[in-house]
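One structure is given here, and the rest of the page talks about it.
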Amino acid sequence: MEPNKGLVSALFLFFLLHETIASPTPKPHIKPRPPPHHPCRHLTFYFHDIIFNGKNSKNATAAIVGSPPWGNRTILAGQSHFGNLVVFDDPITLDNNLHSAPVGRAQGFYIYDRKDIFTAWLGFSFVFNSTQHRGSINFAGADPLMNKTRDISVIGGTGDFFMTRGVATLETDAFEGEVYFRLRVDIKLYECW
Amino acid sequence: MEPNKGLVSALFLFFLLHETIASPTPKPHIKPRPPPHHPCRHLTFYFHDIIFNGKNSKNATAAIVGSPPWGNRTILAGQSHFGNLVVFDDPITLDNNLHSAPVGRAQGFYIYDRKDIFTAWLGFSFVFNSTQHRGSINFAGADPLMNKTRDISVIGGTGDFFMTRGVATLETDAFEGEVYFRLRVDIKLYECW
Amino acid sequence: MEPNKGLVSALFLFFLLHETIASPTPKPHIKPRPPPHHPCRHLTFYFHDIIFNGKNSKNATAAIVGSPPWGNRTILAGQSHFGNLVVFDDPITLDNNLHSAPVGRAQGFYIYDRKDIFTAWLGFSFVFNSTQHRGSINFAGADPLMNKTRDISVIGGTGDFFMTRGVATLETDAFEGEVYFRLRVDIKLYECW
Chain A
101 MEPNKGLVSA
111 LFLFFLLHET
121 IASPTPKPHI
131 KPRPPPHHPC
141 RHLTFYFHDI
151 IFNGKNSKNA
161 TAAIVGSPPW
171 GNRTILAGQS
181 HFGNLVVFDD
191 PITLDNNLHS
201 APVGRAQGFY
211 IYDRKDIFTA
221 WLGFSFVFNS
231 TQHRGSINFA
241 GADPLMNKTR
251 DISVIGGTGD
261 FFMTRGVATL
271 ETDAFEGEVY
281 FRLRVDIKLY
291 ECW
Chain B
101 MEPNKGLVSA
111 LFLFFLLHET
121 IASPTPKPHI
131 KPRPPPHHPC
141 RHLTFYFHDI
151 IFNGKNSKNA
161 TAAIVGSPPW
171 GNRTILAGQS
181 HFGNLVVFDD
191 PITLDNNLHS
201 APVGRAQGFY
211 IYDRKDIFTA
221 WLGFSFVFNS
231 TQHRGSINFA
241 GADPLMNKTR
251 DISVIGGTGD
261 FFMTRGVATL
271 ETDAFEGEVY
281 FRLRVDIKLY
291 ECW
Chain C
101 MEPNKGLVSA
111 LFLFFLLHET
121 IASPTPKPHI
131 KPRPPPHHPC
141 RHLTFYFHDI
151 IFNGKNSKNA
161 TAAIVGSPPW
171 GNRTILAGQS
181 HFGNLVVFDD
191 PITLDNNLHS
201 APVGRAQGFY
211 IYDRKDIFTA
221 WLGFSFVFNS
231 TQHRGSINFA
241 GADPLMNKTR
251 DISVIGGTGD
261 FFMTRGVATL
271 ETDAFEGEVY
281 FRLRVDIKLY
291 ECW
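If you want it as structure tokens, here you go:
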């Protein structure tokens, strides 16, 4: 009898556990909150934006393609550039040197969305096609430019970055007038497949 | 022998369960479907959009910055505003009163994308920097404006809303002509970290 | 005593397993990597884009609404259309026939973002309201048009596609001049709720 009893306990335990593990639980998807979160992947890059100003056609990597009624598409508008839509295809480098060999392209747009201070909304991708990285990382979010660091969302990825999600911290590393600026991007991925 | 037998059952059970739990399963990521899903976080806000019309420069929180060939950037175009790109920086309030103290800013754009009825595509963020909320929630999706309620995606978040995902239900709460409209946003987050 | 011993082992095992399963683990969210990943849902559609060119007002499903300083909004600009923002409301069909009964609408925008080759950044939704599908799928990502296939991200969904995520592979199935093009979209969803 004794071993049977042990077996019964074990079987009871099995069903108990099985229930706990396998049944569709009506609980919300609250993920564990380890303090703090550790990224499963961490990457740092720089990208370099040169806005077309009517004279720099050869070097420009970005252009104003939308403007408010009071603006035009050659000079960023007054009122904190509110309403300027800028499209870009910027080189990505591993260090802060514009002339380093690019490891990919940052492609997408930003749109200045506030009249009293500089803020923008960003939608763009990092597109890689090198020996080191192949695939893309997609970003979206608000960029309050005057803050030293700003967090946006990594909303997806493809190739080497298949299905990834995370947070990217932007930092304006340098700028020259209203034509050139360089961003440092610290990418922390928290969902890796 | 008896206790050993119990132990053997238990160990067998352990490996059985271990296999079930820990092995990389080649199954697709079908999440449990508790009927219905319960959000892990639920928030309701209002935001207020005042489109620049050439006369309301002081109060306007939005401006037309793109238009179809047959339109301009001061008056929303015919054919259901098809082709108008609007950028906004709208106050977020807890109730439906435009003059309540804002708790954040709704920043981003919408673009009217249909000729025969009013529909738009939205990309925007809720940006919070108050004692109650700090961080951002990022949204994207189609907004068939003529429907009483419309669902868009919460595609990510930062700060207090780190890595969140969910669904936001939009409802046009009020509007005045083609200048002012107020949206009620019911944010249901299903992934909370 | 014997059965007790078995029970003790079993209980010990329970707590051991319980600890393993339920405790908040400080490990990063590295999801299992079954080689290869299998989608939990797989859908294929076609959509049809007819760009307004000043003469096709009746049939056009898309229009240029932003352009670089050197362009206009009736003809796609030189330099690989760099800076052209196009908004669309395209019919979705199950086969490659423009005249098949549409099963939904592809709504959103693309913006050409490179001067030397054709590339664009896409933000759009598939909106379904039929007996077969109800809800929306939201997409974002870079589209290097000259590649035979291009992967973008499925960043969320609503209705029948509640909370989904995945990867969509785009392929230019046909085009006529710079007015009509047809895309084949292979949607692989890896997170299904």
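Chains as they are written, first to last, in our numbering: chain A, 101 to 293; chain B, 101 to 293; chain C, 101 to 293.
Beta carbons: idealized from backbone N, C-alpha and C, even for Gly.
Could you check how far apart the C-beta atoms of residue i and residue j are, in whole angstroms? I think they sit under 8 angstroms.
| i | j | result |
| --- | --- | --- |
| I287(A) | A274(A) | Contact flag wrong, Cβ pair sits at about 19 angstroms. |
| F262(A) | W221(C) | Wrong, their Cβ atoms sit about 19 angstroms apart, outside the cutoff. |
| G204(C) | F226(C) | 6 angstroms |
| R282(A) | N196(A) | 6 angstroms |
| L185(A) | I211(A) | 5 angstroms |
| T219(B) | L198(B) | Incorrect: roughly 25 angstroms between the Cβ atoms, too far for contact. |
What residues in its chain sit with their C-beta under 6 angstroms from that of residue i, if we drop five residues either side in the sequence?
| i | result |
| --- | --- |
| P132(A) | In this prediction, P132(A) scores a pLDDT of 49, lower than 50, which makes its location untrustworthy; the coordinate-derived value is nonetheless stated afterwards. No residues qualify anywhere along the chain. |
| P191(A) | H148 and P202 |
| R284(B) | Y146, E271 and D273 |
| E278(C) | L176 |
| I164(B) | R173, N184 and V186 |
| T249(C) | T269 and E271 |
| I253(A) | According to the sequence shown, residue 253(A) is Ser rather than Ile. So the list reads A240 and G241, once near-sequence residues are dropped. |
| Y280(B) | I150 |
Can you check whether the CB of residue j is closer than 9 angstroms to the CB of residue i?
| i | j | result |
| --- | --- | --- |
| F209(C) | D149(B) | no |
| A160(A) | N238(B) | no |
| A162(B) | P168(B) | no |
| H87(A) | G256(A) | Residue coverage of chain A in this structure runs from 101 to 293, which leaves residue 87(A) outside it and unanswerable. |
| S180(C) | K158(C) | no |
| E235(B) | D251(A) | Per the sequence shown, the amino acid found at residue 235(B) is Gly instead of Glu. A contact, by the Cβ cut-off of 9 angstroms. |
| G171(A) | G166(C) | no |
Taking 8 angstroms as the limit between beta carbons, can you name the residues of its chain near residue i, skipping five residues before and five after?
| i | result |
| --- | --- |
| W293(C) | F262, M263 and T264 |
| E291(B) | C140, M263, T264, R265 and G266 |
| S230(A) | V203 and G204 |
| V108(B) | Reliability fails at V108(B), whose pLDDT of 49 lies under 50, so the model's placement of it is uncertain and the value that follows must be treated cautiously. If we look at V108(B) and ignore the five residues flanking it on each side, it has no Cβ neighbours. |
| H137(B) | Y290 |
| F182(B) | P168, Y212, D213, R214 and K215 |
| F152(B) | A160, A162, A163, I164 and T174 |
Taking 7 angstroms as the limit between beta carbons, can you name the residues of its chain near residue i, skipping five residues before and five after?
| i | result |
| --- | --- |
| G154(B) | T174 |
| L194(A) | F145, S200 and V203 |
| L143(C) | I287 |
| N247(C) | none |
| P126(C) | Model confidence at P126(C) stands at a pLDDT of 45, short of 50, so the residue's coordinates are unreliable and nothing is read from them. |
| I121(A) | Residue confidence is low: I121(A) scores 42 on pLDDT, short of 50, so the model does not pin down where it sits. Its coordinate-derived value is still stated next. Counting only Cβ-Cβ distances below 7 angstroms, and skipping sequence neighbours, we find nothing. |
#### Entry: Within 8 angstroms of chain C by C-beta, residues of the segment 136 to 147 of chain B in sequence order
Considering only beta carbons, the part of the segment 136 to 147 of chain B lying closer than 8 angstroms to chain C consists of H137, in chain order.
### Under 8 angstroms (Cβ pairs) to chain A, residues found in the segment 210 to 221 of chain C
Interface annotation for the segment 210 to 221 of chain C against chain A: I211, Y212, D213, R214, K215, T219 and W221, criterion Cβ-Cβ distance under 8 angstroms.
### Message
Which residues of the segment 256 to 289 of chain C have a Cβ closer than 7 angstroms to any Cβ of chain A? Give them in chain order.
### Response
From the segment 256 to 289 of chain C, only R265 and V267 have a Cβ closer than 7 angstroms to chain A.
### Query
Any residues in the segment 179 to 200 of chain B with a beta carbon nearer than 8 angstroms to a beta carbon of chain C? Which ones, in chain order?
Taking 8 angstroms as the Cβ-Cβ cut-off, the segment 179 to 200 of chain B approaches chain C at F182, G183, N184 and L185, given in chain order.
### Query
Could you give the uninterrupted runs of the beta strand (DSSP E) lying entirely in the segment 184 to 209 of chain A, keeping only those of 3 residues or more?
Qualifying beta strand (DSSP E) stretches, in chain order: 185 to 193.
### Task
Give, in chain order, every residue of the segment 152 to 173 of chain C whose Cβ lies closer than 7 angstroms to some Cβ of chain A.
Result list: G166, S167, P168 and P169.
### Task
Give the residues from the segment 220 to 235 of chain A that approach chain C closer than 8 angstroms (Cβ to any Cβ), ordered along the chain.
The residues in question are G223, F224, S225, V227 and G235.
### Query
Along the chain, which unbroken stretches of the beta strand (DSSP E) at least 3 residues long are found entirely within the segment 202 to 279 of chain C?
Taking only runs of at least 3 residues, the beta strand (DSSP E) segments lying wholly in the segment 202 to 279 of chain C are 204 to 212, 220 to 229, 234 to 243, 249 to 259 and 265 to 276.
### Query
For the segment 237 to 257 of chain C, which residues have a beta carbon sitting closer than 7 angstroms to at least one beta carbon of chain B?
The segment 237 to 257 of chain C vs chain B, Cβ under 7 angstroms: N238, A240, I255, G256 and G257.
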